[in-house]
Each structure stands twice: as structure tokens, then as C-alpha cells.
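Here's the structure, in C-alpha cells; my notes come after.
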Amino acid sequence: MVRWRIWFVLVCALSFVALTAIAQEEQEIDLSQPLTLEQCIQLAVENSTDMRNARINLAIDGLRVKDARARYYPDIFLDGRYNFSDALDFGFERENYDLGMSGQYTLWDNGQREANFSQAKERRDATINRNERTKQNLIFQVTQAYYDVLKAQELVKVDREILARSRENTDRVRAFVEAGIQIEADVATAQVREANDELSLLNDQNALEIAMATLPRIMGLDPATLITVAEDTDYQLYSQQGQIEVIELSVEEAIQRAFETRPEFKELQSTINQLEWGLTLSRLDRWPRLNAEYNYGVNLDDYLHERENFTDFRSWEVRTTLNFPIFDGGVTKRRVQEAELSLEQVREDASDLERSIALEVRQAYLNLRRAETAVEISNTQVRNAELSLQVIRGRFEQELSILLELLDAQTGFAQALTNQVRAFYDYKIAQVALQRAMGVIQ
């Protein structure tokens, strides 16, 4: 009794763990909550049309592999026939029933079944690698769109901060005019600066709305879906420390890594293997095939009439056939030549692919190095622009500087902040672009 209780407790515990795991796997992502980049990628992989079509293509190739494997098994048919005729001949009834079973099996085909099966598997492997390439491209697109949203949000924050300072300057100039220190033209100049900042805010808000519509579209959702992204801790850390992570990698190492991991190379190799098996099949068409056939039949109407001696009403036969192609007008020969040319063409594509990917990696690497340098320059620019603005603002308040100098300093600081935001997210996108070029993006 104690043993049964122990088993019952174990079964209940295992069932609870399994159900909990299934529930966690099926738990949907709440779109009303801020989404992380990983969640956006997960949704895109699940909902993207490209990924759905990729999964369908893989399923189709899986069925083709099963079809190729089925050629190793015999074909069996069940036949039934009913004849009704008003013309009665000797030994026949008005109604006749026949029942039969037949089978066919290829005894020897010079390895054509093996070649077909191997070709189907290579086609499936090519689809798997093609799907991986599709997935990596999708991850890059989602990441780029995600960073575009974050960049637009930070630019809107900068614009609002700059606009608030412009309005403070306008109010300060009005106060100076009332005190007789400034003239009305200075108010107009300050208002022009304020209007320019309002336009910058309007443009960046519009860019933010477009970015927030683009992200769900790439994820396979309706562009009208309202999505909020999680706060970017990387940018906060960068704003506090002013430093970024620099990748210690040479361009030669990056190119070599791409040659090892890019799914395009694996896809192309599977395609080459597939064409090689196709060439083998074309050559095997010249050789004979040995088939075995079996037929079993029952004269059902006579048996049902007599109801005895079943063996007298059945018949069977076994035969083998050897088919040897002698002449086909050169079709097989031209098929072999076509397969050889297709294989040569794909091998040439392989060489071109190496050059293209090497160039892509080199470009992505150089873009990343440029982005890293741009981040450093933008940091220096922000520090200098902020210091200049503080000095000129103090001089302006002490009537030691004119309004145009203050507005120029404010414009320079605003541009520096904007450059800093753009440089950081350009750097983040350049990082991911290099990962995609190397085939390691996840």
C-alpha cells in the first residue's frame, strides 16, 4: 500500500511539472507590456510570413524525403471489377465479379533509389540552411527596427529638452526687453530659434510614429498594433559612463568566421550535393531495371454461386521483368550534359559567394569601426558644447555676450546631443550588421 502511494505521488508530481512546462511554453507575450528585443524577435519568428513559409517549405521537403524512402517498399494494389452484360457467352453469367490483388517491387535499379533518397535529403538540408538565413535576416531587421524606435524616442527626449531651453531663453529675453536691456528684435530672434526647435520635435515625433508602425509590421503583426519597447539600459549606462564595448576582432578573423558559419555556404554545399546526385541519377538511367510483379485473382461470382472448392476459382502469377533502355533519341545523354552544366554553374556561384561575403564582412567591419570612432567624437562634442553653452549663458546673463552667441551655443549643444544619440544607435546597428555578416546573429 505504501509503495502504491509513493508511485501515485511521483506520477502526480511529474504530471504537474509537465503541465507547468507546457503552460509556460504556450504562454503568450503580453503586448500591453513593454517588450524587450528578445521578445520582439520571438514574436517575429512565430508570426513573420517569411518564417511561416520557411516552415512550410521544410515540411514539404520532409514529405519528399518520405516519398523517396517509400521507393524501397513494394507497391500493393487491391482490384475489384463488376461487369454486367446482356450478351451471354459460354461460361459467363450476366453479372460477373472479380477480386484481385497485385504487387510490384523493384529488385535492382543500379542504386537509383539510393540516389533519389540522398538527393531528397540534400534538398531538405538546403532548405534548413536557407531557413536559417531567412531567420538571421529577420532577426537583423527586427533588431534594426527596434533600435530605430529607441533612437527616435531618445531624439524626442532631446528635442523636448532643447525646446524647453529655447522657451526659457525667449522668456529671459522678454524680461530683458521689459528691463530695457534688450530690444524687440532680440525677442523675434529667440522665437525663431524656438520655432526651429518645435519643428525638430515635430519631425522626430513623426519619425517615432513611423518607427513604431514599422516594428510590428516586420514582426508579422498589424502596423496599427501599439507596441512599447522596454527602456534601453545600454544607452543609460552609456550616458553615465560615456564608454562602449569595443570588439577585439580583426577583419581577417571576421571573414574566416563568416566562411565557417554563414548558412549560405552550407546551403550551397547541399545544393551541390543535390546536383551531384541528380547527375548520378541521369547516368543511371542508361542501365536496366529488374522488377518483380505478383498478381492474385478470384472469380468471385462463380465462387459465390458454387460456395465450395475456393482454390478452383482463384489464380496467381509471379513474374520478373528486365527493362533495358536501348534508344531514346539522345534524351538521357542530353540530360547528363545538362546536369553537368548545372553543377558547373553552381560551383562557379560558390566562388562568387565567397567573394561577396568577404566584401560584405569587410564593409560591416569598417562600418563598425567608423561607428565606434563616431561615438567617441560625439562624446567629446557633447562635453565641449555643454561647457561652451554654460560659459556663454553666464556671460549673457552678465550682459557680456549678445543673444546670437547664446543661440549659436544652444544650437551647437542641441546638434551635439542629437549626434550622440544617432552615433550610439548607429553603433548598435553596426554591431548587429557585423554579426549577421559573420553568420553568428542570434
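Numbering-wise, our numbering comes out as the position in the sequence shown, counting from 1, plus 8. Built from N, CA and C at the ideal position, the CB exists for glycine as well.
Neighbourhood of residue i by C-beta, 7 Å cutoff - its chain only, sequence neighbours within 5 removed
i, result
"Ala196", "none"
"Tyr80", "Arg121"
"Leu298", "Leu115, Trp116, Thr328, Leu330"
"Gln47", "Ile37"
"Gln439", "Leu376"
"Asn303", "Gly108, Ser110, Trp324, Glu325"
"Tyr246", "Ile252, Phe432"
"Ile235", "Leu39, Leu43, Met220, Leu223, Pro224"
"Glu130", "Ser278, Asn281, Gln282, Trp285"
"Phe125", "Ala76, Arg77"
Nearest residue (CA-CA) to residue i, options the options
i, options, result
"Gln455", "Leu257, Asp69, Leu330", "Lying outside 9 to 450, the shown extent of the chain, residue 455 is not represented and no answer is given."
"Asp167", "Gln50, Tyr90, Ala203, Ser364", "Ala203"
"Lys159", "Val73, Thr241, Leu71, Arg63", "Thr241"
"Lys274", "Ala52, Arg430, Val73, Thr135", "Thr135"
"Asp282", "Ala76, Ala123, Glu54", "The question names Asp, but residue 282 in the sequence shown is Gln. Minimum Cα distance to Gln282 is reached at Ala123."
"Arg363", "Ala221, Leu171, Ala266, Arg173", "Ala266"
"Gln398", "Glu413, Gly119, Ile385", "Glu413"
"Arg322", "Gly338, Ile334, Gln41, Gly305", "Gly305"
"Pro296", "Leu107, Glu380, Phe332, Leu395", "Phe332"
"Ala67", "Gly119, Ser126, Ile84, Arg132", "Arg132"
"Glu407", "Val181, Leu71, Leu234, Thr44", "Val181"
"Leu442", "Glu206, Thr178, Val259, Arg201", "Val259"
"Ala400", "Arg355, Glu192, Arg60, Thr419", "One point to set straight first is that residue 400 is Ile, not Ala, in the sequence displayed. For Ile400, the nearest C-alpha among the options comes from Thr419."
"Val354", "Thr279, Asn104, Gln161, Ile334", "Thr279"
"Ile218", "Ala232, Leu207, Ser208, Glu206", "Ala232"
"Ser174", "Arg201, Tyr154, Leu287, Gly188", "Arg201"
"Leu287", "Arg342, Leu171, Asp194", "Arg342"
"Gln161", "Ala193, Ser396, Leu209", "Leu209"
"Glu356", "Ala183, Leu276, Gln41, Gly337", "Leu276"
"Leu417", "Gln428, Leu395, Ala187", "Per the sequence shown, residue 417 should be read as Ala rather than Leu. Of the candidates Gln428, Leu395, Ala187, the one whose C-alpha sits nearest the C-alpha of Ala417 is Leu395."
"Ile189", "Glu405, Gln428, Thr426, Glu239", "Glu405"
"Gly250", "Glu384, Ile64, Thr57", "Glu384"
"Asn427", "Thr388, Ser409, Glu261", "Thr388"
Coil, strand or helix - residue i by DSSP
i, result
"Tyr304", "strand"
"Glu36", "coil"
"Thr233", "coil"
"Thr288", "helix"
"Val326", "strand"
"Ala31", "Low local confidence applies: a pLDDT of 38 at Ala31 is under 50, so the model's placement there is unreliable, with the coordinate-based value given in what follows. Ala31: helix per DSSP, three-state reduction."
"Leu43", "strand"
"Leu298", "strand"
Own chain partners of residue i with C-beta closer than 8 Å, once the 5 adjacent residues on each side are dropped
i, result
"Pro271", "Asn137, Arg138, Glu140, Arg141, Gln144, Gly447"
"Arg444", "Gln144, Asn145, Ile147, Phe148, Ala372"
"Lys74", "none"
"Leu27", "Reliability fails at Leu27, whose pLDDT of 39 lies under 50, so the model's placement of it is uncertain and the value that follows must be treated cautiously. Around Leu27: no qualifying Cβ."
8 Å contact criterion, which residue i and residue j should meet: CB distance rounded
i, j, result
"Ala424", "Val369", "Not really, about 32 Å apart at Cβ, beyond 8 Å."
"Ala128", "Ala62", "The Cβ separation is near 18 Å, so there is no contact."
"Met227", "Ala52", "4 Å"
"Asn55", "Leu163", "The Cβ separation is near 28 Å, so there is no contact."
"Ala347", "Ser290", "5 Å"
"Val254", "Glu380", "6 Å"
"Ala393", "Phe421", "4 Å"
"Leu411", "Asp194", "5 Å"
"Asp205", "Leu171", "4 Å"
"Val150", "Ile49", "5 Å"
Contacting residues, own chain, Cβ-Cβ under 6 Å from residue i (five flanking each side not counted)
i, result
"Ile263", "Ala366, Val369"
"Asp293", "Thr340"
"Gln450", "none"
"Gln152", "Ile437"
"Asp87", "Gly108"
"Asp434", "Ala379"
"Ile30", "In this prediction, Ile30 scores a pLDDT of 39, lower than 50, which makes its location untrustworthy; the coordinate-derived value is nonetheless stated afterwards. There are no such residues."
"Asn177", "Ala198"
"Arg430", "none"
"Tyr155", "Tyr433, Lys436, Ile437"
"Leu415", "Arg201"
Contact test: residue i Cβ vs the ligand NAP heavy atom, cutoff 7 Å
i, result
"Asn204", "With respect to the ligand NAP, the structure offers nothing, as it holds no ligand at all."
Which complete alpha helix (DSSP H) runs does the region 83-147 hold, if anything under 4 residues is left out? Secondary structure within the region 83-147: not one fully enclosed alpha helix (DSSP H) run of 4 or more consecutive residues is present.
In chain order, each alpha helix (DSSP H) run of at least 4 residues that lies wholly inside the region 204-285: When DSSP assignments are scanned along the region 204-285, the uninterrupted stretches of alpha helix (DSSP H) that are 4 or more residues long and fall wholly within it turn out to be 241-249, 259-269.
Could you tell me which uninterrupted alpha helix (DSSP H) segments, each at least 4 residues in length, are contained entirely in the region 357-428, listed from first to last along the chain? none
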